[in-house]
Amino acid sequence: MPELPEVETSRRGIKPYLINQTITQLTVRNSRLRWPVLKTLDKKIVGHAITDIRRRAKYLLLTVNHGELVIHLGMSGSLRIVGANSPAGKHDHIDLCLSNGKALRFTDPRRFGCWLWSQESTAQQLLQNLGPEPLSQDFNADYLWQQCRKRKAAIKQVIMDNKVVVGVGNIYAAESLFRAGIRPAIAANRISRARINTLVEAVKLILAKAIEQGGTTLKDFTQSDGKPGYFKQQLMVYGREGEPCIVCQTPLKGLRQGQRATVYCPSCQS
């Protein structure tokens, strides 16, 4: 599933082609996404200019003067810039055609993504009660320390909770905990204030590096230009169970947390 770096990479890739462009047509070939695409969505956006493209957690928000399109890539979705008349493939479900002759094409083989209008109740529910952005000043050691003090859950589960901090998915949680030297299963309220500070710094560093590298391509994700994300080459623990730790050569161990695979080093992480 595309995580925050992949979504941010997509935002940066499509933004130059969309800003200040008028939407000339919306083509919906398959409206049966995670939630059905609003039948009147074209009437709300066609003829209006895109004034901004923001990211909130793993959602992309395309702003027009009276609302926003809320887009989620789901498990296998991607956004690409193509010519407005480019032939569509089997899984190319939506085209947003623009006044510059380009189209924003949404491809989603599994159809777990979504295109919602911001005034729909589903969109409002998805965006409310979200925690701070991990790369913002609001996500800091004091904040995370207060959040962890009242939680007995494993620290990996806590930093993956969107109500605590948004967008720290499975890959980047595992990598951040390795860099901070913290075992993923340790209870959040047992971690010292100093180690929380190290963890916050690690989360910010790992996410910033992943964005710089264009995200992580494990299977489905590609950037808006069709190229893969290259952060996979820098993964220290994720997907490497049984392999030697890059730092100490100890075999990496794996466990299941919340139905997700976790890999860690029993020597480097405590």
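Per this note's numbering, the sequence shown runs over residues -7 to 262.
Glycine residues also receive a C-beta, built at the ideal position from the N, C-alpha and C atoms.
Please read these numbers as outputs of a predicted model, since none were measured by experiment.
- Nearest-angstrom Cα distance between tyrosine 135 and glycine 81? Along the sequence shown, read from residue 1 onward, the residue named residue 135 stands at position 143. Along the sequence shown, read from residue 1 onward, the residue named residue 81 stands at position 89. Spanning the two alpha carbons is a distance of roughly 46 Å.
- For threonine 55, the nearest candidate out of Asn12, Thr254, Asp34 and Thr19 (CA to CA): Taking the sequence shown and counting its residues from 1, one reaches residue 55 at position 63. Among Asn12, Thr254, Asp34 and Thr19, the Cα nearest to that of threonine 55 belongs to Asn12.
- In this structure, does DSSP put isoleucine 178 in helix, strand or coil? For the purposes of this step, residue 178 is identified with residue 186 of the sequence shown, where counting begins at 1. Taken through DSSP and simplified to helix, strand or coil, isoleucine 178 comes out as coil.
- Item | Close-in-space but distant-in-sequence residues of the same chain around tyrosine 9 (CB under 8 Å, 5 per side omitted) | The count along the sequence shown starts at 1 and reaches residue 9 at position 17. Cβ neighbours of tyrosine 9 beyond the five flanking positions: Ile73, Leu90, Asn92, Lys94 and Leu96.
- Message: Using DSSP's beta-bridge definition, name the partner residues of glutamate 60.
- Response: The sequence position of residue 60 within the sequence shown is 68, counting from 1. According to DSSP, which records beta bridges pairwise, glutamate 60 is partnered with Thr55.
- Task: Taking alanine 95 as part of the alpha helix (DSSP H), name the residues at either end of that continuous run.
- Result: In the sequence shown, the residue the question calls residue 95 occupies position 103. Premise fails: alanine 95 lies in the beta strand (DSSP E), 94 to 99, not in any alpha helix (DSSP H).
- Under the assumption that arginine 103 contacts arginine 26 (Cβ atoms under 8 Å), give the Cβ distance between them as a whole number of angstroms. As a working mapping, residue 103 is identified with position 111 in the sequence shown. As a working mapping, residue 26 is identified with position 34 in the sequence shown. Arginine 103 to arginine 26, Cβ: 7 Å. Contact.
- So what does lysine 245 bridge to, in DSSP terms? Residue numbering aside, residue 245 sits at position 253 when the sequence shown is read from its first letter. Answer by DSSP bridge pairing, in chain order: Tyr256.
- Excluding five sequence neighbours on each side, which residues of the same chain lie with their C-beta closer than 8 Å to the C-beta of arginine 3? What you label residue 3 is simply residue 11 of the sequence shown in a count that begins at 1. Taken in chain order, the residues that qualify are Ile45, Arg46, Arg47 and Leu52.
- Less than 8 Å separating the beta-carbons of glycine 105 and valine 158? Counting from one through the sequence shown, the residue named residue 105 turns up at place 113. Counting from one through the sequence shown, the residue named residue 158 turns up at place 166. The answer is no: Cβ separation not under 8 Å.
- Message: If distances are taken between C-alpha atoms only, which option among Ile63, Ser68 and Met152 comes closest to leucine 88?
- Response: Within the sequence shown, the letter at position 96 stands for residue 88. The shortest C-alpha separation from leucine 88 is found at Ile63.
- Task: Write down every uninterrupted run of the beta strand (DSSP E) in the segment 124 to 151 whose length is 3 residues or greater and which is fully enclosed by it, in chain order.
- Result: Qualifying beta strand (DSSP E) stretches: none in this window.
- Message: Please report the distance separating the alpha-carbon of threonine 114 from that of phenylalanine 98.
- Response: Within the sequence shown, numbered from 1, the residue matching residue 114 stands at position 122. Within the sequence shown, numbered from 1, the residue matching residue 98 stands at position 106. Roughly 20 Å separates the two Cα atoms.
- Message: DSSP three-state label for leucine 88, please.
- Response: Position 96 of the sequence shown, counted from the first residue, corresponds to residue 88. Leucine 88 falls in the strand class under three-state DSSP.
- In angstroms with no decimal places, state the Cα-to-Cα distance between histidine 58 and glutamate 125. Along the sequence shown, read from residue 1 onward, the residue named residue 58 stands at position 66. Along the sequence shown, read from residue 1 onward, the residue named residue 125 stands at position 133. Cα to Cα, histidine 58 sits roughly 25 Å from glutamate 125.
- Query: Going along the chain, which residues of its own chain have a beta-carbon closer than 8 Å to the beta-carbon of lysine 7, five neighbours each way excluded?
  - Reply: Taking the first residue of the sequence shown as 1, we reach residue 7 at position 15. Residues of the same chain with a CB within less than 8 Å of the CB of lysine 7, apart from the 5 flanking positions on each side, are Ile45 in chain order.
- Note down the Cα distance separating glycine 39 from glutamine 120, rounded to an integer number of angstroms. Walking along the sequence shown from the start, residue 39 turns up at place 47. Walking along the sequence shown from the start, residue 120 turns up at place 128. Rounded to whole angstroms, the gap between the alpha carbons of glycine 39 and glutamine 120 is 29 Å.
- Query: Going by beta carbon distance, what residues of the same chain come within less than 7 Å of serine 259, once the five residues before and after it are set aside?
  - Reply: The residue given as residue 259 occupies position 267 in the sequence shown. For serine 259, where only same-chain residues beyond five positions count, the Cβ hits under 7 Å are Cys237, Cys240 and Thr242.
- With which residues is alanine 41 paired in a DSSP beta bridge? Here residue 41 refers to the residue found at position 49 when the sequence shown is read from its first residue. Under DSSP, the beta-bridge partners assigned to alanine 41 are Thr14.
- Give me the Cα-Cα distance between glutamine 149 and glycine 173, rounded to the nearest whole angstrom. The count along the sequence shown starts at 1 and reaches residue 149 at position 157. The count along the sequence shown starts at 1 and reaches residue 173 at position 181. Whole-angstrom Cα-Cα distance: 16 Å.
- Item | Unbroken beta strand (DSSP E) run spanning leucine 71, endpoints | Along the sequence shown, read from residue 1 onward, the residue named residue 71 stands at position 79. In this chain, the beta strand (DSSP E) harbouring leucine 71 covers 70 to 75.
- Query: Residues in its own chain within less than 7 Å of histidine 83 by CB, not counting five upstream and five downstream?
  - Reply: Position 91 of the sequence shown, counting from 1, holds the residue named residue 83. Once the five neighbours on either side are set aside, the close Cβ partners of histidine 83 are Thr99, Asp100 and Pro101.
- Can you say whether proline 28 is buried or exposed, counting buried as having 16 or more other CB atoms within 10 angstroms of its CB? The count along the sequence shown starts at 1 and reaches residue 28 at position 36. Label assigned to proline 28: exposed.
- Backbone secondary structure at glutamate 108 - three-state DSSP: Residue numbering aside, residue 108 sits at position 116 when the sequence shown is read from its first letter. Glutamate is not the amino acid found at residue 108; the sequence shown has leucine there. Taken through DSSP and simplified to helix, strand or coil, leucine 108 comes out as strand.
- Which of the three DSSP states, helix, strand or coil, is assigned to threonine 32? Working through the sequence shown from its first residue, we reach residue 32 at position 40. Three-state DSSP puts threonine 32 in coil, outside helix and strand.
- Of the choices Arg248, Gln249, Ile198 and Met67, whose alpha-carbon is the least far from that of methionine 228? Position 236 of the sequence shown, counted from the first residue, corresponds to residue 228. Of Arg248, Gln249, Ile198 and Met67, the residue nearest in Cα terms is Ile198.
- Task: Would you list the residues sitting across from glycine 236 in a DSSP beta bridge?
- Result: Taking the sequence shown and counting its residues from 1, the one referred to as residue 236 is at position 244. The question names glycine, yet the displayed sequence has proline at residue 236. Bridge pairing for proline 236: Pro243 [DSSP].
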